[in-house]
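First to last, the sequence lines map onto chains A and R.
Throughout, my numbering is defined as the position within the first sequence, counted from one, plus 15.
Throughout, my numbering is defined as the position within the second sequence, counted from one, plus 12.
Think of the CB as a built atom: it goes at the ideal place given N, C-alpha and C, for glycine as much as any other residue.
Since this is a predicted model, take the numbers as computed values, not measurements.
Note sheet for the following structure.
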Amino acid sequence: MKLFINFNKNSVVIFLDYVLLLVFVFCALFPLYWAFSLSIRIPSDIFTIPPKLITRDPTVKNYLEVLFGNAGNVNLLKYFINSIIVSASTAIIAVVIGIGAAYCFARYSSKRLDLLFYSFLGSYMVPGIFFLLPLFKLFKYAHILDTYLALIISSLTFTIPLAVWILRNFISDIPYELEEAAQIDGCSRIGAFLKVTCPLLAPGLVSVLVLTFIIAWNDLLFASVLAYTDATKTIQIGIFNYSKGFLTEWGPLMATTIIATVPGVILFISLSKYLVKGLASGALKG
Amino acid sequence: MKKGYSKITKYLPLLPGVLMIGFFLIYSFVGNITLGFSEGLHSLKEVLKDTTFYLSIKNTLVFCFFSSILATIVGFVSALLLDTNVKGKEVFRTLLFVPWVIPFATVGLVWKLMLHDQFGIAMYVMRELKIPNALLPSLSLPNTAMLGVLLCNSWIQTSFAMLVLHAALQTIPQELRAAAKVDGANYGQQLFYITLPLLRNHLAVVIILIFIWAANAFALIWFMTRGGPLYSTQILNIYAYSEAFEKFRFDKAAIASIFQMIIISIIAYPYFKFMYKGEE
Chain A
16 MKLFINFNKN SVVIFLDYVL LLVFVFCALF PLYWAFSLSI RIPSDIFTIP PKLITRDPTV
76 KNYLEVLFGN AGNVNLLKYF INSIIVSAST AIIAVVIGIG AAYCFARYSS KRLDLLFYSF
136 LGSYMVPGIF FLLPLFKLFK YAHILDTYLA LIISSLTFTI PLAVWILRNF ISDIPYELEE
196 AAQIDGCSRI GAFLKVTCPL LAPGLVSVLV LTFIIAWNDL LFASVLAYTD ATKTIQIGIF
256 NYSKGFLTEW GPLMATTIIA TVPGVILFIS LSKYLVKGLA SGALKG
Chain R
13 MKKGYSKITK YLPLLPGVLM IGFFLIYSFV GNITLGFSEG LHSLKEVLKD TTFYLSIKNT
73 LVFCFFSSIL ATIVGFVSAL LLDTNVKGKE VFRTLLFVPW VIPFATVGLV WKLMLHDQFG
133 IAMYVMRELK IPNALLPSLS LPNTAMLGVL LCNSWIQTSF AMLVLHAALQ TIPQELRAAA
193 KVDGANYGQQ LFYITLPLLR NHLAVVIILI FIWAANAFAL IWFMTRGGPL YSTQILNIYA
253 YSEAFEKFRF DKAAIASIFQ MIIISIIAYP YFKFMYKGEE
């Protein structure tokens, strides 16, 4: 419990605090509500002046149209599945590759290691297009354009550094003494890590997996270039293609975006505690 | 404890990560230079003659700078609001973080619709509030499109700023605040003389991170305006993307992305110096 002024005595201030917070929350949530509301409206409810805040005649027509209608050659269901496969694989691989590096950065300390760590972080700041151009040429040459592999590799460019960064902070939070004790009892260094630290690391691992999933899910830049058939197109591309052809169809357009929003929001709500802790601690300790 | 093979096996877990990132970085450096100078300095000269190139740089700096400042300020205010005795803090914090979790496609498109000149609800509200036309963030006018895109990105990143700064505020020791209170400091004085100095590093981290992410913000702008109207929202990576995949000039695109890399490095360097020194 933090006290700047003794708020308990000053109910006016507390009241203002609540009001401001509610205003902020409203601003934060309104666009999502709006997207959802538009997605269940018929056109005559959408294109009104002045705009209607709430609709009296909701409809699922928009969702049916985008999911099963094949309008504009957009196979949304397939793209959704592609996105899930690519994002989930990216998350798992990023964590598997990253956890080793995170362990070394957390448990050992040396000037050289510090430099290496900050190079990792530095690579996180590289603009996506900088990776994309040479990778595109490479994938084209290797004939792996338009494959899950290409999408996953390119997503790893921006997820591995983040995973390493946050995992390192989580691992340093767990005292090394626990592993030391296990090693005295006969475990190897890695064994100690796996048996003692990893179970404690579980919330952190979950939060990193979810975070990298969401970030990979969001990618448009790489997917737009590396995936050009229905076999691998991701949902972000689907939405974009739909918006290109049907920009005036606000209802169905919002339906596509809501469909793309669902996994992230579900993951977030069910795991918000871990996610929030993970991001905050990661950025706090730099 | 065996010391024989220890050095190698000690650092073995680092290998996959370092190899991958090393490959990405080195291959991209070499690749972009090769692509960019495949026709000698000709491509460089062409890029430097493009007015849209300079416009893109200006847009990038404006977009990144104002996004980070705006998001950090509003995020900081939210964090302060949460740093009190209000009930249901956790709920508020979770709800305030939702914007960061929504895909850019959803955010970009719904904001585009909300800011629609005729049917957009946000536009309607702003007109009702008698905001002058010149300040309305209309995405269809070159003068104001950047404002719209900026507001949207700031809206997203405020969640992140709020999260980090809220966690940072929690690390301020109770004793410090109690001592200030005993000394008779009011809220404003505590804010300026205690909170802000202690939070300096975190504020810097937040500002720089949001800046970098804004420079990378391809999806958001692409969904909202595709860089238009009249290149008024085209940031540098959109310029590079458009050169590569719409005009098929990989050489110019590579040059542009090298420029972006240099600009980002110049901005990020003080951040790294900050953090590196902080670790000692």
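Continuous alpha helix (DSSP H) assignments of at least 4 residues falling wholly in the segment 186-240 of chain R: If we require 4 residues or more, the alpha helix (DSSP H) runs fully inside the segment 186-240 of chain R come out as 186-194, 199-202, 212-227, 230-236.
Start-end ranges of the alpha helix (DSSP H) lying completely within the segment 81-140 of chain A, minimum 4 residues: Along the segment 81-140 of chain A, the alpha helix (DSSP H) occurs as fully enclosed runs of 4 or more residues at 91-122, 126-139, listed in sequence order.
Supposed close pair R/L177, R/V110 - CB separation, criterion 8 Å: That pair is no contact at about 17 Å.
Alpha-carbon to alpha-carbon, A/V110 and A/F22: With a pLDDT of only 47 at A/F22, under 50, the local geometry of the prediction cannot be trusted, and no value is derived from it.
Sequence-distant residues of the same chain with beta carbon closer than 6 Å to R/G100, five excluded per side: Cβ neighbours of R/G100 beyond the five flanking positions: none.
Residues within the segment 169-182 of chain A neighbouring chain R, beta-carbon criterion of under 7 Å: Per Cβ criterion, the list reads L171, T172, I175, P176, V179.
Member of A/S134, A/L131, A/A103, A/F30 whose CA lies at the smallest distance from the CA of R/V98: Nearest of A/S134, A/L131, A/A103, A/F30 to R/V98, Cα basis: A/F30.
Start-end ranges of the alpha helix (DSSP H) lying completely within the segment 32-89 of chain R, minimum 4 residues: Counting whole runs of 4 or more residues, the segment 32-89 of chain R contains the alpha helix (DSSP H) stretches 54-61.
Cβ distance (whole Å) where A/L91 is taken to contact A/G201 below 8 Å: About 55 Å separates the Cβ atoms of A/L91 and A/G201, ruling out a contact at the 8 Å cut-off.
Alpha carbon of R/I279 to alpha carbon of R/I270, nearest angstrom: Rounded to the nearest angstrom, the two C-alpha atoms are 14 Å apart.
Residue-level contact to chain A via CB, R/N155, 8 Å cutoff: So no, R/N155 is outside the interface.
Short CB-CB distance (under 8 Å) between R/I224 and chain A: Closer than 8 Å to some Cβ of chain A, the Cβ of R/I224 qualifies, so yes.
Cβ contact check for the segment 76-88 of chain A and the segment 133-150 of chain R: 3 or more pairs under 8 Å: Contact between the segment 76-88 of chain A and the segment 133-150 of chain R is absent, because fewer than three Cβ pairs lie under 8 Å.
R/H178, DSSP secondary structure in three states: The three-state reading of DSSP puts R/H178 in helix, counting H, G and I together.
Partners in chain A for R/F32, counting only beta-carbon separations shorter than 8 Å: Note on identity: in this sequence residue 32 of chain R is Met, with Phe being the wrong assignment. Taking a Cβ-Cβ cut-off of 8 Å, the neighbours of R/M32 in chain A comprise I112, L171, I175, given in sequence order.
Min CB distance R/F235 to chain A below 8 Å: By this cut-off, R/F235 is an interface position.
Limits of the alpha helix (DSSP H) - the one that A/R183 falls within: 163-188 is the span of the alpha helix (DSSP H), which, as asked, contains A/R183.
Three-way DSSP call (helix, strand, coil) for A/V38 in this model: Residue state, collapsed to three classes: helix.
Segment contact flag, the segment 90-97 of chain R with the segment 257-275 of chain A, C-beta cutoff 8 Å, min 3 pairs: Verdict: no, contact absent.
For A/L236 and A/I96, the rounded distance between their alpha carbons: If I take the Cα positions, the gap works out to 19 Å.
CB contact below 8 Å: R/T84 versus chain A: For R/T84, no Cβ of chain A is located within less than 8 Å of the residue's own Cβ.
Residues from the segment 107-136 of chain R in contact with chain A, defined by Cβ distance under 8 Å: From the segment 107-136 of chain R, only L107, L108, F109, V110, P111, V113, I114, P115, F116, A117, T118, V119, L121, V122, W123, L125, M126, Q130, F131, G132, I133, Y136 have a Cβ closer than 8 Å to chain A.
R/I276 at chain A interface by Cβ criterion, 8 Å: Among the CB atoms of chain A, one or more fall inside 8 Å of the CB of R/I276.
Coarse secondary structure for R/F260, derived from DSSP in three states: In the structure shown, R/F260 falls within a coil segment according to DSSP collapsed to helix, strand and coil.
Validate contact between the segment 136-153 of chain A and the segment 165-174 of chain A using beta carbons, cut 8 Å, 3 pairs: Touching, yes.
For A/V27 and A/D234, the rounded distance between their alpha carbons: Computed Cα separation, rounded: 45 Å.
Proximity below 8 Å, CB of A/I250 to CB of A/S98: Result yes, Cβ atoms of A/I250 and A/S98 sit closer than 8 Å.
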